[in-house]
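Participant: One structure, as structure tokens, below. Some questions next.
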Amino acid sequence: MRKLFLAVMTLILGLGWMNECRAITLDRARSWAYQLQNADPVSLAASRCHVVVMDYSRDGTEAGAYSAQEIQLIKDAGKIVLCYLSIGEAESYRFYWKTWWKPGNPFWLGPVNPDWPGNYKVRYWDPQWWRIALKPYLHRIMAAGFSGVYLDIVDAYWYWHEDHRLSLDFTSREMVELVTKIATYARAGR
Numbered sequence: 044m045r046k047l048f049l050a051v052m053t054l055i056l057g058l059g060w061m062n063e064c065r066a067i068t069l070d071r072a073r074s075w076a077y078q079l080q081n082a083d084p085v086s087l088a089a090s091r092c093h094v095v096v097m098d099y100s101r102d103g104t105e106a107g108a109y110s111a112q113e114i115q116l117i118k119d120a121g122k123i124v125l126c127y128l129s130i131g132e133a134e135s136y137r138f139y140w141k142t143w144w145k146p147g148n149p150f151w152l153g154p155v156n157p158d159w160p161g162n163y164k165v166r167y168w169d170p171q172w173w174r175i176a177l178k179p180y181l182h183r184i185m186a187a188g189f190s191g192v193y194l195d196i197v198d199a200y201w202y203w204h205e206d207h208r209l210s211l212d213f214t215s216r217e218m219v220e221l222v223t224k225i226a227t228y229a230r231a232g233r
């Protein structure tokens with residue numbers, strides 16, 4: 044568990060994207076905003092928070108994506124702007140979603156999350172999940188100019204261990220590897 048925590052913190056703190064933020068560094072940030080739907084870039088830029096966590100899109104869809112200029116507006120106000128990225132569940136409203144997908148097809152797509160309809164558990168260790176969804180998603184986030192990413196559903200390793208009786212050693216190691224892959228890709232692409 045400690046390795047997983049360290050991997051996530053390394054990703055958040057060490058992406059290297061943050062060196063363009065002139066007014067604040069993550070270690071000096073004292074307040075933050077978290078808004079995933081219909082965030083207003085002008086309001087976020089004018090806010091008193093130091094860190095902003097937001098989706099890459101107003102409504103989660105490709106059509107609602109924020110422009111690089113909108114993200115830059117927030118950053119120019121001295122904010123660190125992190126983009127929300129779910130790595131343990133697929134979301135049916137994202138650009139990568141195929142209408143024919145259903146649990147088990149593709150193989151890595153697991154059951155629906157009963158608490159969040161439209162979100163599906165994923166076998167995040169499957170290379171297809173990286174290739175089809177996460178890599179293109181991360182590429183869009185980087186192209187939009189976000190300072191870094193805020194990873195969600197990192198605790199998916201526990202779901203696969205507890206509900207599907209997979210080895211905790213396997214599920215946690217695979218999550219650490221995925222977070223490390225995301226960090227490596229992001230650092231190489233900045």
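For the sequence shown, the working numbering gives the first residue as 44, with consecutive numbering after it. By construction, the Cβ of each residue, glycine as well, lies at the ideal position given by its N, Cα and C atoms.
#1: Roughly how many whole angstroms lie between the Cα atoms of I9 and C126?
#2: Is it true that the CB of V94 sits closer than 8 Å to the CB of G131?
#3: By the 10 Å Cβ neighbour count, where 16 or more other Cβ atoms means buried, how is G153 classified, buried or exposed?
#4: How many angstroms separate the CA atom of C64 from the CA atom of C92?
#5: With respect to the alpha helix (DSSP H) encompassing L181, which residues constitute its N-terminal and C-terminal limits?
#6: Could you tell me how far apart the beta carbons of L194 and V222 are, in whole angstroms, since I believe they sit closer than 8 Å?
#7: Tell me, please, whether the stretch 205-219 touches the stretch 181-195 by the rule of three or more beta-carbon pairs shorter than 8 Å.
#8: Tell me, please, whether the CB atom of R174 is closer than 8 Å to any CB atom in chain E?
#9: Short of 7 Å in beta carbon distance, which residues of its chain neighbour Q115, apart from the five on each side in sequence? Order them along the chain.
#10: What's the gap between the Cα of K224 and the Cα of L87?
#11: Where does the unbroken beta strand (DSSP E) through Q80 begin, and where does it stop?
#12: In this structure, what does DSSP give as the bridge partners for C126?
#13: With burial defined as no fewer than 16 other Cβ atoms inside 10 Å of the residue's Cβ, what is the status of E105: buried or exposed?
#14: By how many angstroms is the C-alpha of A108 removed from the C-alpha of A50?
#15: Taking 8 Å as the threshold (C-beta atoms), are D98 and L79 in contact?
Facilitator: This is what the structure gives:
#1: This structure leaves residue 9 out entirely; the chain is present only between 44 and 233.
#2: no
#3: buried
#4: Below a pLDDT of 50, predicted positions are generally treated as unreliable, and C64, at 46, falls in that range; the measurement from the model is reported next regardless. C-alpha separation (whole angstroms): 14 Å.
#5: K178 to A187
#6: 7 Å
#7: no
#8: Note that chain E does not occur in the displayed structure, where there is just one protein chain.
#9: G188
#10: 30 Å
#11: Where Q80 is concerned, there is no enclosing beta strand (DSSP E), given that its DSSP letter is neither H nor E.
#12: M97 and V192
#13: exposed
#14: Model confidence at A50 stands at a pLDDT of 47, short of 50, so the residue's coordinates are unreliable; what they give is reported in the following sentence. Looking at the two C-alpha atoms, the distance is approximately 28 Å.
#15: yes
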